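2 protein chains.
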Amino acid sequence: MGDVFKALADPSRRRILELLAGGDLSAGEIAAHFDMAKPSVSHHLAILRHARLITDERQGQSIIYHLNLTVLQELMKWFYDFGLLEGGSRHDKKD
Amino acid sequence: MGDVFKALADPSRRRILELLAGGDLSAGEIAAHFDMAKPSVSHHLAILRHARLITDERQGQSIIYHLNLTVLQELMKWFYDFGLLEGGSRHDKKD
DNA sequence: TTTATATTTAGTTAATCTTCTAAATATATG
DNA sequence: CATATATTTAGAAGATTAACTAAATATAAA
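Residue numbers (the numbering used here), protein chains in the order written: chain A, 968 to 1062; chain B, 968 to 1062.
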């Protein structure tokens, strides 16, 4: 779980997730949205993949990246447990 | 907003938030939950305060820390916008 | 098989982060 | 005022991170 938070700490990586929320993209298409060198983007993709925030799949010469909503949902639970919906139905973890 | 994600990237800081979710605590009480030196904890508190995830209030010799749910709620919105609730009512930001 | 395209891996450098100890500040009390 | 307690600030050391260039790998096509 700590890997997920660390992955989200970088603005470029958050931007990658936002791009993928709009649809699957190849590594090259993702890199085209940034000013940095391709190996740097590839490194960010590796960190996101390791945190399981994205999955990849080779298609010919390209590698297509997909957003993995499952991990984001687990993260939502972490926030939810702080009792963010006061007045509503609350979890009991921290009471 | 980037400050918030960076603040959450450290496990000690996330633990501090979880502790404060159980009720307000003084800096000393928070530090007592950790093995590290008090100045280190104080530094983490400063980062959380700068990200506005917590607020502080002096009470005599102690400084009491409170969790600030407002920023956590804004963060929830960021996650929500990825379309995490498929099938349900979705935001339109990324469509 | 040779060449071109797409992407990653390796290795390096500079910046940032976490932690520490020592010193400073603020408040309370004898 | 002097001393004790609570907390922060300052400065430094070591670890981690993000970026780059150059080289390697994998696929496709001539």
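Note that CB positions come from ideal geometry on N, CA and C, so glycine has one too.
Note that the coordinates shown come from a computational prediction; the quantities given were computed from them, not determined experimentally.
Check: By the three-class DSSP mapping on this structure, what secondary structure does residue 977 of chain A have?; Outcome: coil
Check: Spatial neighbours of residue 1109 of chain A within its chain, please: C-beta separation below 8 angstroms, excluding the five flanking residues on both sides.; Outcome: Outside the displayed span of chain A (968 to 1062) sits residue 1109 of chain A, for which this structure offers no information.
Check: Quick check on the DSSP output: the beta strand (DSSP E) that includes residue 1040 of chain A runs from which residue to which?; Outcome: It is not in any beta strand (DSSP E) - residue 1040 of chain A instead sits in the alpha helix (DSSP H) that spans 1036-1047.
Check: How about residue 969 of chain A and residue 978 of chain B: do their beta carbons lie closer than 8 angstroms?; Outcome: yes
Check: With DSSP as the reference, label residue 984 of chain B as helix, strand or coil.; Outcome: helix
Check: Is residue 972 of chain B closer than 8 angstroms to residue 976 of chain A when the C-beta atoms are compared?; Outcome: yes
Check: Considering only C-alpha positions, which residue in the set B:1001, B:1030, B:1035 and B:989 is nearest to residue 1017 of chain B?; Outcome: B:1035
Check: What is the rounded straight-line gap between the Cα of residue 1002 of chain A and the Cα of residue 985 of chain A?; Outcome: 17 angstroms
Check: Go to residue 1025 of chain B, then tell me how far its alpha helix (DSSP H) extends in each direction, as first and last residue.; Outcome: No alpha helix (DSSP H) holds residue 1025 of chain B; the beta strand (DSSP E) holding it covers 1021-1026.
Check: Check each residue of the region 1032-1045 of chain A: if its Cβ is closer than 9 angstroms to any Cβ of chain B, include it; give the result in chain order.; Outcome: 1034, 1036, 1039, 1040, 1042, 1043 and 1045
Check: Going by the beta-carbon positions, is the gap between residue 988 of chain A and residue 1014 of chain A smaller than 8 angstroms?; Outcome: no
Check: In whole angstroms, what is the alpha-carbon distance linking residue 1039 of chain A and residue 1050 of chain B?; Outcome: 10 angstroms
Check: Looking only at its chain, what residues have a beta carbon closer than 7 angstroms to the beta carbon of residue 980 of chain B, apart from the 5 residues adjacent to it on each side?; Outcome: 974, 1011, 1014 and 1015
Check: With DSSP as the reference, identify every bridge partner of residue 1017 of chain B, one or two as the case may be.; Outcome: Bridge partners of residue 1017 of chain B: none, in fact.
Check: Can you tell me where the alpha helix (DSSP H) with residue 995 of chain B in it begins and where it stops?; Outcome: 994-998
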